[in-house]
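As they're listed, the protein sequences go chains A and P. Okay, so the first sequence: first residue is 2 according to this note's numbering, each after it adds one. Okay, so the second sequence: first residue is 178 according to this note's numbering, each after it adds one. Every residue, glycine too, gets a C-beta built ideally from N, C-alpha and C. Reviewing the structure listed below.
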Amino acid sequence: MEETITQKGSSNRMKFIVGGALIVAAVIYLIVSSTQASAQYFLTIDEVVAKGDQVLDRDLRISGAVLGDTIAYDRESLSLSFKVAHVPGDNDEIEAEGGLAEALHAAATDPSRSRLQIIYEGPMPDLLQDEAQAIMTGRLGDDGIFYADELLLKCPTKYEEAVPEQVEVQQ
Amino acid sequence: MIANLGFGALTAAFLVSLYGIGASFYGMRQNKPAWVDSARNGMLLTFPLLTLSALCIIVLLATDHYEVEYVASVTSRSMPMYLKVTALWGGQAGSLVFWSWLMSAFASAVTLRKWERDREFLPWVIVVSLVTLAFFLGLNIFVENPFTRLWQFPSGQVIEKMFQPAASSLFYPRDGQGLNPLLRHPGMVIHPPMLYLGFVAFVIPYSFAIAALVTGRTDDRWIRLTRRWTLWAWMFLSLGLVLGSRWAYDVLGWGGYWGWDPVEIAAFMPWLTGTAFLHSVMIQEKRGMLKQWNMVLIILTYSLVIFGTFLTRSGVLSSVHAFAQSAVGPLFFAFIGLTFIASMSLLFHRWNDLKARAEMTSMLSREALFLLNNLLFIGILMVCFWGVIFPLISELFTGQKVTVGPPFYERANGPLMAGLLLLMAVAPLSAWGHSTIKTLGRAVWKPAVAAVSVVAAVVFSGISNLYAIIGIFLTTFVMAVTLYEFGRGAAARGRRHGENFFLALWELIKRNRRRYGGYIIHLSMAMLAIGIIGIEIFQSETQGSLRQGESLTLGEYSMTYDSLAVFDAPDNRNVARAVVSVSKDGKPVGELYPRRDFFYDSQQPMTIPGVRSTIEDDFYVLLVDWEEISTRSATFKIYHNPLVKWMWLGCWVFIFGTLVAAWPEKESGLAPVLASRKNREAAKA
């Protein structure tokens, strides 16, 4: 009698273990497949310019310093174009240049840095201005222009970090 | 002067916390209750000290003391008084003080309760609360001091220091930098305190859990004692999240409410474990199972709360280039790591004492479904956590930094959230202990038929999006089951006691507040889901440049550009405000005033949408651009957001449900619980 109970208990336990394992497997599957489906590669402007053709059909996420006098906006088509200059991708390098604000300033004023033309369609973001940091996701076109689907902006000099990142999201 | 007073109070609170930790330990070791009482008094003292310190900051903020660096960084002369005062949590240093102040308020409230029957928990609750408090106060004193002032040397150089360096004098900037205009919104004024209330309140159940582990009193007592705390904590955290969304919807001007950015996720993660915890403690209370699991959940919640405070305030993620780089970063990580390891070691030490009383027998029993619910919540947590740390991992292993965006979270979490909705519909009808397809089917079929007929109607009306159909089925199923439970319970009670339906419903809820409060919360979650389905799946948008009198059409809606005025507002901003008239199906339904404010002091524009919101849909208009001077033409972007109002309505239902579940009972303690259980058993028999 006792044996059958424990047997029943252990087969029950098996059921739960299998059930739990299935769920864990499902979660892992969701994570892995979704990661593959929506991975975006972080690149600096230097890397984009250097790699060129190799990254044509990949989702990229890039960051650069906005050059104020290149900003052009077509009100009819809501098409926004501007150029960004290379800022280092590594924190230590940014710190070495004296922090993000300094690094952005250096990038925007140094004509020897590599630059990239950006086109984005949508309302003009509130924070788009000279020496703002632009973080964009999108793809590089055959024409060497980066077509951004998403544009985030931040101006590091002005405020203490009190703004959740979402503030700068413009879609 | 005021700054020195505030800093003095802050330092005193820190020292008192350290003393309290020591005294509590010593009292326990030597078995001298007087020392524990002294520690308790110390804990109570931190509250007035921190109140004083926070008041000092508020006075400095309100009276334009820009020589204090914090004041200069978050306020400016042109800001209205309420924003100056609430700038207490507008920056990192101030919000850490605010956090500590809330913590001391909660901890004091806890120590003031009656402790007769739980005397052995007291010293440990004090220690855990005070260690947490001391950590935050230490950060404030040594790293992020809100009272540091600006000092100028004869050379002109200005530095930031707490106390006067030799040969320098106070530097008074003429004005402060001001709060970011985007944050000058009532939603943003109450969003951080709500979030913090939620964060801080979770420390209390955690401290009881640790007390239970240390003392070995590992029965359900700690859970019963902290049940209400947990609910309040959870409510505030949830409200904090929803208010943040609302603010995004109202202010950010992209027609969205949630962007899956790391800061949002940081606040969302403790909510996930907290919600799982709220559910699984019920299994422990009813069936004596999952005791170890509950400990894991509350420990995780605590760690995630500290992590969340850190991420939302430290700015580590403000750079896309990742973690660290903030002075407080390593300290936070060390603290989280140490408390997590210490808590987990304690848990393993008591592992065997926490063995379950019973074993699960049936896959469809209530407890098994609760367990499944927990797994799904943890699954969502893993997805979120993975998304946040993935850039670091990919860089570590491939040298190439790869990130994942919102599509990752939506794709991976979607099925898990759908699973949660399904459980929300089925679990309330399953029985404790043993349940089979047959018994469950008998209970579920009526609401299921109701949900299927709603879905049939929806499909018939022409909606063919598969995700929408699944979503609508699940939400209507949840609502049908929940309402069915109310109806069934009230009818049964009415028959038994000869009460009419409404009286029976009232009595039913009154006598089983936890259960029916929970059901009301389920209803609110279904409403939230309806709003999310509406905006995620059915949002449509268009844009166009219009001359005055011209119209733009989107679906049934059409909007006409009437006029635009540009003027200066008193609070130092320039306003461009358009008047557009909106009509639906050809009938005029009113005017909207989308506008763009330009803040002179920060040289920053801010776009404020005009929104017409109904139960059915929102019509959301953004003023994008306009022709200067003549204002003959202007460019608009418009969104049609179906059903999104359900999200905000669900929020009210949610608050109501939590109040029903958490409102203190008149009688206190265990007696009424036992009594009501007896009643229920008697009623069953």
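- Annotation: Lys532 of chain P to Ser457 of chain P spans about 15 Å, alpha carbon to alpha carbon.
- Following the DSSP letters along the chain, one finds Ile146 of chain A in no beta strand (DSSP E), marked with neither H nor E.
- Listed in chain order, the beta strand (DSSP E) elements of length 3 or more contained wholly in the stretch 504–585 of chain P are 579–581.
- In this structure, Ser64 of chain A lies away from Ala133 of chain A, with their beta-carbon atoms at least 8 Å apart.
- Across the set P:Tyr259, P:Leu593, P:Arg405, the C-alpha of P:Leu593 shows the shortest separation from the C-alpha of Leu651 of chain P.
- DSSP, read as helix, strand or coil, puts Pro363 of chain P in helix.
- Taking the beta carbon of Trp825 of chain P as reference, no residue of chain A falls within 9 Å; the closest one sits roughly 18 Å away.
- Rounded to the nearest angstrom, the gap between the Cα atoms of Trp424 of chain P and Val788 of chain P is 13 Å.
- Leu685 of chain P has its alpha-carbon roughly 16 Å from the corresponding atom of Pro605 of chain P.
- When rounded, the separation of the alpha-carbon atoms in Leu101 of chain A and Gln725 of chain P is 44 Å.
- Annotation: the continuous alpha helix (DSSP H) that includes Val304 of chain P extends over 299–319.
- Here Ser740 of chain P is exposed, its C-beta having fewer than 16 other C-beta atoms within 10 Å.
- Rounded to the nearest whole angstrom, the CA to CA distance from Ile646 of chain P to Asn818 of chain P is 17 Å.
- Distance from the CA of Gly204 of chain P to the CA of Ser215 of chain P, rounded to the nearest whole angstrom, comes to 9 Å.
- Residue range 734–746 is occupied by the beta strand (DSSP E) that includes Met736 of chain P.
- Along the stretch 317–359 of chain P, the alpha helix (DSSP H) does not occur as any fully enclosed run of 4 or more residues.
- Listed by position along chain A, the residues whose Cβ is nearer than 9 Å to that of Arg588 of chain P are Leu31, Ser34, Ser35, Ala38, Ser39.
- Nearest to Ile697 of chain P by alpha-carbon distance, out of P:Ala444, P:Leu731, P:Thr659, is P:Thr659.
- Exclusion of the five residues before and after Leu227 of chain P leaves Ala190, Ser277, Trp278, Ser281 as the residues of its chain whose Cβ lies within less than 6 Å of its Cβ.
- For the 8 Å CB-CB criterion, Met466 of chain P and Glu572 of chain P do not form a contact.
- The beta carbons of Thr580 of chain P and Phe562 of chain P sit no closer together than 8 Å.
- Listed in chain order, the non-local C-beta contacts of Val366 of chain P below 8 Å within the same chain comprise Tyr259, Leu260, Thr263, local neighbours out to five positions each way being set aside.
- Pro782 of chain P reaches chain A at Asp127, counting residues in chain order whose Cβ is nearer than 8 Å.
- It is roughly 21 Å from the alpha-carbon of Ser250 of chain P to the alpha-carbon of His106 of chain A.
- Here the alpha carbons of Leu552 of chain P and Ala628 of chain P stand approximately 26 Å from one another.
- Here the alpha carbon of Val757 of chain P sits roughly 5 Å from the alpha carbon of Leu769 of chain P.
- Cβ-Cβ distances below 6 Å link Leu416 of chain P to Met371 in the same chain, with the five nearest sequence neighbours on each side left out; the list follows chain order.
- For the pair Ser115 of chain A and Ile46 of chain A, the CB atoms are nearer than the 8 Å cut-off.
- Tyr42 of chain A reaches chain P at Gln577, Val579, counting residues in chain order whose Cβ is nearer than 7 Å.
- Sequence-distant Cβ neighbours of His611 of chain P in its own chain, meaning closer than 8 Å and more than five residues away, are Thr538, Ser539, Ser542.
- For Asp745 of chain P, there are no neighbours in chain A by C-beta distance under 8 Å, as the nearest C-beta there is about 19 Å away.
- Taking CB atoms only, Arg62 of chain A has a neighbour in chain P less than 8 Å away.
- Within 9 Å of the CB of Glu77 of chain A, the CB atoms of chain P belong to Gly721, Ser722, Thr812, in sequence order along the chain.
- Going by DSSP, Asp795 of chain P is part of the beta strand (DSSP E) stretching over 794–803.
- Residue state for Leu238 of chain P is assigned as helix, using DSSP reduced to three classes.
- Inclusion of Tyr383 of chain P and Ile476 of chain P in the CB contact set at 8 Å is warranted, their separation being smaller than that value.
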